[in-house]
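A.B. asks:
There are 2 protein chains.
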Amino acid sequence: MGGDHGPSVVVGGVKAYIDRYGGEGVRFQLHGDETAIRAEVARNGLPADVCEIRHTDKVVGMDEKPAQAMRRGKGSSLWNAIEAVKLGEAQAAVSAGNTGALMAISKLLLRMAVDGLERPAIVASWPTKRGFTAVLDVGANIGSDARQLVEFAIMGEAFQSAVHGVEKPTVGILNVGSEDMKGHEEVREAHAVLRTDAVPVNYTGFVEGHDIAAGTVDVVVTDGFTGNVALKTAEGTARFISGLLKEALTSGPMAKMGALIAMPALKKMARRIDPSSVNGGPLLGLNGIVVKSHGGATAEGYGNAIRVAVDLARSDYLTKVSANFARLSAVLDTAEAASDKEQTGEIQS
Amino acid sequence: MGGDHGPSVVVGGVKAYIDRYGGEGVRFQLHGDETAIRAEVARNGLPADVCEIRHTDKVVGMDEKPAQAMRRGKGSSLWNAIEAVKLGEAQAAVSAGNTGALMAISKLLLRMAVDGLERPAIVASWPTKRGFTAVLDVGANIGSDARQLVEFAIMGEAFQSAVHGVEKPTVGILNVGSEDMKGHEEVREAHAVLRTDAVPVNYTGFVEGHDIAAGTVDVVVTDGFTGNVALKTAEGTARFISGLLKEALTSGPMAKMGALIAMPALKKMARRIDPSSVNGGPLLGLNGIVVKSHGGATAEGYGNAIRVAVDLARSDYLTKVSANFARLSAVLDTAEAASDKEQTGEIQS
């Protein structure tokens, strides 16, 4: 029931997913208003054995506060979808609904994968020259301390290898320069821990804003404030340039003719930066798989969020992350001790 | 002598500035190796009465630490250029040299415009649909408290009206959402101060990453870490999309033919996002005008940095900022008191 368009985009997304990716062996539970959903299932010509409808009247509003949603959300479509994951009736949940409520209810019902993890992180798959870079956190947390940044590195690495099939993904921390003494304390500390080789990720050092789209590393780690600003700034830049391009290619008869002739090539390019193709941001760090779709996503975009959820559910992502987290506490103690020792006498400028 | 290319780009930049903007009444002091500079002046056919060469052998290296540059930099080309501003022999300094050294020496010689201002802020002119948005700080400071953010608002507003001729520029603070309770403490506090109307800027509220290129406001205020990441992320995104476009338009004979026909329109568009046309980031907050050019700028880009310096020097920017700063302290006390009162009983989530 969530998002700007409700069941039409959600059920349309199921159709888009099946059409594009085949949907072999994937079945769907659709939580919400039965009549509205049934109408959409019929309109999209979906086979009945693929879609099970679980009725509820209750809906979490798009502007409800997280605390309110936790108190009053029980039995809502959002709640029921997450609960199905908790009960093992579903292997993943996808929602275009209220992000804060989704995070709060997911945390409440599924719990965090490890003690000390405070909130899930949202990961974005960022299109680059070389494929996709995983960037996290892009907005679940406002500030992130050094330990959280290290956790993001572990989760991002597992995500990147599970969903994008990258073997031994490289990991970098987003900063304003590449030298060891650059940036604020949190990034310098996380950098010191990760570069010790004690944490089982392939850490390569600091990266800068331009490295994201360049694909310099497979995973970019950053706090939720910076990550959110970076993601939205990149989206705004892409929209601005696309707008200029459209303006240029319709600015006169010659431009229009040239555009017409080059159209197939231009369309192919547009698909690479189409927001639909990158829709679907998993909430990492939970005992279960929850994927957030953009509230304004199209059916095709929602289909992509479903693909991300299926890929994660079919991979060894959860096992891998749990294993790495289990090792993390011990490893952090050792690494922090080593880094403290190393920093003694070092001048910080 | 600074930047990746030294005198060839600096003197070439003078030529580019004169060719493009006329250079009426502007004269240049060129600090550095006389022989090298004289050769470039001759090569560019610049009239002798426009360029005064001030010789020095000493140069601040591109990787010298700020503290080192302050201790050892006296008499270097960078130092002498700033000193000329201090002595009133020049109205502005432009440098493509070491940013940290430029900041440190500028602060040492020119001093900050107001007590309590710790470091200059660097402002970027960001191309948008509606012209240019001033974004600051883009990297001079790592963290910025609420008071600094308010100061950025005042300096950015004066800059925007002086250089881009915007009357009563609108100002926004960069955040992860537009509601009052979003973001970390520093942005919420600065927001509370600015929205009281006590500070003399036209503040419209929080903006998000995508608002920068959309031109939602004329001035975007942010801490130096976030601003630096946002700027470099946008540059990376622009480069990535330009690369895709080039690839698409050379991907086959039809695409190439289309591109050829549409070329004049495409070139016009490329100029709007050309890094040269936005080169030149003033160091705001000093008693004097200092403009940083990108180290890798072309002569044309350097010419644009000169234009920014001339526009600032000819405007009432310094007077306006001083007047506003003089009012700021008194105003801040009132505004903070008012905002404290207003926040009592408000629930922060």
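Protein chains in written order, with this note's numbering: chain A, 1415 to 1763; chain B, 1415 to 1763. All residues carry an ideal CB built from backbone N, CA and C; glycine is no exception.
Could you please give the first and the last residue of the uninterrupted beta strand (DSSP E) stretch that includes Leu1550/B?
C.D. replies: 1545-1550
A.B. asks: If you drop the 5 nearest sequence neighbours on each side, which residues of the same chain put their C-beta closer than 6 Å to that of Thr1584/B?
C.D. replies: Asn1616, Thr1618, Val1631, Asp1632
A.B. asks: Between Gly1417/A and Gly1710/A, is the Cβ-Cβ spacing less than 9 Å?
C.D. replies: yes
A.B. asks: On a Cα-Cα basis, can you pick out the residue from Ala1604/A, Ala1723/A, Leu1608/A that is closest to Val1705/A?
C.D. replies: Ala1723/A
A.B. asks: Using 8 Å as the cut-off, can you tell me whether the segment 1652-1670 of chain B makes contact with the segment 1570-1581 of chain B, which would need three or more C-beta pairs spanning the two stretches below that distance?
C.D. replies: no
A.B. asks: Take Arg1533/A and list the residues in its own chain whose beta-carbon comes closer than 6 Å to its own, dropping the five residues that flank it on each side.
C.D. replies: Ala1554, Asn1555
A.B. asks: Going by DSSP in three states, Ile1761/B sits in which element: helix, strand or coil?
C.D. replies: With a pLDDT of 34 at Ile1761/B, under the threshold of 50, the predicted position of this residue should be treated as unreliable, though the coordinate-derived value follows. DSSP, read as helix, strand or coil, puts Ile1761/B in coil.
A.B. asks: Could you tell me whether the Cβ of Met1671/A comes closer than 9 Å to any Cβ of chain B?
C.D. replies: At least one chain B Cβ lies under 9 Å of Met1671/A.
A.B. asks: DSSP three-state label for Met1415/B, please.
C.D. replies: coil
A.B. asks: Taking 8 Å as the line, does the beta carbon of Lys1479/A fall inside it for any heavy atom of the ligand NAP?
C.D. replies: Ligands displayed in this structure: none; no statement on the ligand NAP is therefore possible.
A.B. asks: To the nearest whole angstrom, what separates the beta carbons of Lys1646/B and Glu1622/A, a pair I think is in contact under 8 Å?
C.D. replies: 5 Å
A.B. asks: Taking only the alpha-carbon atoms, compute the straight-line gap between Tyr1435/B and Gly1420/A and give it to the nearest angstrom.
C.D. replies: 55 Å
A.B. asks: For Lys1681/B, does the count of other Cβ atoms within 10 angstroms reach 16, so buried, or fall short, so exposed?
C.D. replies: exposed
A.B. asks: Which residues, in order along the segment 1602-1627 of chain A, keep a beta-carbon less than 9 Å from a beta-carbon of chain B?
C.D. replies: Considering only beta carbons, the part of the segment 1602-1627 of chain A lying closer than 9 Å to chain B consists of Glu1622, Gly1623, His1624, Asp1625, Ile1626, Ala1627, in chain order.
A.B. asks: For my contact list, Pro1541/A and Asn1738/A are in at a C-beta cut-off of 8 Å; report their separation, rounded to the angstrom.
C.D. replies: Incorrect: roughly 26 Å between the Cβ atoms, too far for contact.
A.B. asks: Which of the residues in the segment 1575-1595 of chain B, read from start to end, lie with their CB under 9 Å from any CB of chain A?
C.D. replies: Leu1588, Asn1589, Val1590, Gly1591
A.B. asks: For Met1668/A, which of helix, strand or coil comes out of DSSP?
C.D. replies: helix
A.B. asks: Short of 9 Å Cβ to Cβ, which residues in the segment 1685-1706 of chain A face chain B?
C.D. replies: Of all residues in the segment 1685-1706 of chain A, those with a C-beta nearer than 9 Å to a C-beta of chain B are Arg1686, Ile1687, reading in chain order.
A.B. asks: I think Ala1604/A touches Ile1626/A, with their Cβ atoms under 8 Å apart; what is that distance to the nearest whole Å?
C.D. replies: Not really, about 17 Å apart at Cβ, beyond 8 Å.
A.B. asks: I'd like the list of long-range same chain contacts for Gly1666/A, defined as Cβ closer than 7 Å, with 5 residues on each side in sequence excluded.
C.D. replies: none
A.B. asks: Please confirm whether Arg1533/A has its beta-carbon closer than 9 Å to some beta-carbon of chain B.
C.D. replies: No, because no Cβ of chain B sits closer than 9 Å to the Cβ of Arg1533/A.
A.B. asks: How many whole angstroms separate the CB atoms of Gly1385/A and Val1552/A, which I take to be in contact at a CB cut-off of 8 Å?
C.D. replies: In the structure as shown, chain A starts at 1415 and stops at 1763, and residue 1385/A therefore has no counterpart that could be examined.
A.B. asks: Can you pull the chain B neighbours of Leu1659/A, defined as C-beta to C-beta under 9 Å?
C.D. replies: Annotation: Cβ neighbours of Leu1659/A in chain B (cutoff 9 Å, chain order): Ile1655, Leu1659, Leu1680, Met1683.
A.B. asks: Consider the Cβ of Gly1427/A: report whether some Cβ of chain B lies at a distance smaller than 9 Å.
C.D. replies: Taking Cβ atoms only, chain B never reaches closer than 9 Å to Gly1427/A, which makes this a no.
A.B. asks: Residue range of the alpha helix (DSSP H) that Ala1456/A falls in?
C.D. replies: 1448-1457
A.B. asks: Beta-carbon separation of Met1396/B and Ala1676/A under 9 Å?
C.D. replies: Summary: the structure shown does not reach residue 1396/B, with chain B confined to residues 1415 through 1763, and so no result is reported for it.
A.B. asks: For Gly1553/B, which residues in chain A fall below 8 Å Cβ to Cβ?
C.D. replies: Val1590
A.B. asks: Residues of chain E with CB closer than 8 Å to the CB of Ile1556/A, please, in chain order.
C.D. replies: Looking at the structure shown, chain E is missing, and the protein chains on hand are A and B.
A.B. asks: Could you tell me the alpha carbon to alpha carbon distance between Leu1501/B and Leu1444/B, rounded to whole angstroms?
C.D. replies: 16 Å
A.B. asks: To the nearest whole angstrom, what separates the beta carbons of Pro1461/B and Ala1515/B, a pair I think is in contact under 8 Å?
C.D. replies: About 31 Å separates the two Cβ atoms, so there is no contact after all.
A.B. asks: Pick helix, strand or coil for Thr1542/A, following the three-state DSSP scheme.
C.D. replies: Three-state result, Thr1542/A: strand.
A.B. asks: Spatial neighbours of Met1484/A within its chain, please: C-beta separation below 7 Å, excluding the five flanking residues on both sides.
C.D. replies: Ala1518, Ile1519, Leu1522
A.B. asks: Taking Cβ positions, are Ala1560/B and Tyr1731/B nearer each other than 9 Å?
C.D. replies: Contact: no.
A.B. asks: So that I know if they touch, is there some Cβ in chain A lying closer than 9 Å to that of Val1633/B?
C.D. replies: no
A.B. asks: Just tell me which of Leu1698/B, Ser1707/B, Glu1714/B, Gly1715/B has its CA closest to the CA of Val1735/B.
C.D. replies: Leu1698/B
A.B. asks: Throw me the rounded Cβ distance for the Ala1430/B and Ala1713/B pair, which I believe falls under 8 Å.
C.D. replies: Confirmed, about 5 Å.
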